[in-house]
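In the working numbering, the protein residues as written are 3 to 311.
Glycine is no exception: its CB is placed at the ideal position from the N, C-alpha and C atoms.
Everything below concerns the one structure shown next.
Next comes the structure, spelled out in structure tokens:
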């Protein structure tokens, strides 16, 4: 028995004959003549060392040996066809793996809708999105862990090493629980916010810097009771259970207040806008993105354009 010498076209023929039941129809599927189909069947049986099917009034009937061979042939042919499909999908950006990082506001405003669009287009794609502060994202970017990030360059980064595409400023909202003493009041100043507890991102972070500058601009006292944490869950829990105030990116606050999440927070009506400096799409200069990463980047950039329209 030399079944292991069977060629792919012979396996295709076995699968076609089993599926169609007639030699003429199998030959038609294989785009060969009926005499060539008869020779192919004879070659297959010679390699297998056994008869695999017999002819009756209705066509060809496979015996137990033929059934085993046809089942295996069908699986092999399907896997070979899947190889071609997978390669085409990788080339078209419909399959593969992409890993990016984003600051919270960018993740909510741009990455989330783009990821939903990518999932609809490429259901087999492997997507990883890390949401971290810019400092952490850029450290990992330098280590080669990301295809690209939505973040801010840090002092340790050489701007000439990156393709930096500005997105826009990050406007802050100030979140409190619905029954907070300041909820519902209009045109609040930072002086009004000074007496309350706060929960802030760690000192030195862009949001922390923006809040410090806002208090300084109004010559208001910086809050005395501040909890520093980068945890969104701890921030939300603290705000919902105390009179603490938390600065959040406007997009994050809007998401939390949406009806389907109902996080039971509101935002204060401030007289003065507080904005964190622009964040960016950051790629390694000259980087050759995979087709899938390029597709995802294009979807994100489309969301950025739509948000700015």
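Residue i, enclosing alpha helix (DSSP H) - first and last residue
i           : result
residue 170 : Here residue 170 belongs to no alpha helix (DSSP H); instead the beta strand (DSSP E) covers 164-178.
residue 141 : 136-144
residue 215 : 208-219
residue 248 : Note, residue 248: premise wrong, no alpha helix (DSSP H); beta strand (DSSP E) at 248-251.
residue 115 : 114-123
residue 300 : 293-310
residue 196 : Counting along the chain, residue 196 falls outside any alpha helix (DSSP H), and DSSP gives it neither H nor E.
residue 10  : 10-22
residue 34  : Here residue 34 belongs to no alpha helix (DSSP H), and DSSP marks it neither H nor E.
residue 1   : Any answer about residue 1 is impossible in this case: the structure gives the chain only from 3 up to 311.
residue 239 : 234-243
Nearest-angstrom beta carbon gap, residue j and residue i [assumed within contact, 8 Å]
i           : j           : result
residue 193 : residue 222 : 4 Å
residue 175 : residue 255 : 4 Å
residue 123 : residue 152 : That pair is no contact at about 20 Å.
residue 267 : residue 179 : 6 Å
residue 177 : residue 250 : 5 Å
Identity of the residue in the options nearest residue i by Cα
i           : options               : result
residue 42  : 15, 52, 22 and 57     : 15
residue 36  : 47, 24 and 46         : 24
residue 278 : 234, 127, 17 and 135  : 135
residue 302 : 108, 231, 58 and 179  : 108
residue 45  : 58, 56 and 12         : 12
residue 57  : 234, 126, 20 and 214  : 20
residue 232 : 205, 244, 263 and 89  : 205
residue 104 : 247, 143, 81 and 50   : 143
residue 299 : 308, 32 and 283       : 283
residue 246 : 183, 101, 53 and 141  : 183
residue 308 : 71, 111, 40 and 78    : 111
residue 240 : 101, 200 and 250      : 200
residue 50  : 39, 71 and 31         : 71
residue 220 : 89, 154, 31 and 196   : 196
residue 296 : 73, 86 and 98         : 98
residue 170 : 225, 185, 211 and 154 : 154
residue 248 : 191, 129, 292 and 203 : 203
residue 293 : 90, 40 and 227        : 90
residue 157 : 208, 73 and 224       : 208
residue 2   : 106, 81 and 61        : Beyond the ends of the chain as shown, which are 3 and 311, falls residue 2; an answer cannot be given.
residue 84  : 38, 126 and 228       : 126
residue 149 : 39, 100, 228 and 54   : 100
residue 9   : 26, 82 and 139        : 82
residue 227 : 139, 7 and 244        : 244
residue 63  : 214, 18, 32 and 177   : 18
residue 39  : 48, 47 and 28         : 28
residue 185 : 33, 269 and 224       : 269
Start and end residues, beta strand (DSSP E) containing residue i
i           : result
residue 132 : 128-133
residue 368 : Summary: the structure shown does not reach residue 368, with the chain confined to residues 3 through 311, and so no result is reported for it.
Residues bridged to residue i (per DSSP)
i           : result
residue 102 : 131 and 150
residue 229 : 201
residue 67  : Per DSSP, none; premise fails for residue 67.
residue 283 : 152 and 167
residue 61  : 58
residue 277 : 173
- Task: Indicate whether the contact test is met: 3 or more Cβ pairs, each with one atom in the stretch 105-116 and one in the stretch 60-67, closer than 8 Å.
- Result: no
- Message: Three or more C-beta pairs under 8 Å: does that hold for the stretch 150-170 against the stretch 280-299?
- Response: Cβ pair count under 8 Å is three or more, so yes.
- Counting pairs of beta carbons, one from the stretch 268-275 and one from the stretch 124-141, are three or more of them closer than 8 Å? no
- Per the contact definition of three or more C-beta pairs closer than 8 Å, is the stretch 262-270 in contact with the stretch 71-81? By the Cβ criterion, the stretch 71-81 is not in contact with the stretch 262-270, since fewer than three pairs of Cβ atoms, one from each stretch, lie closer than 8 Å.
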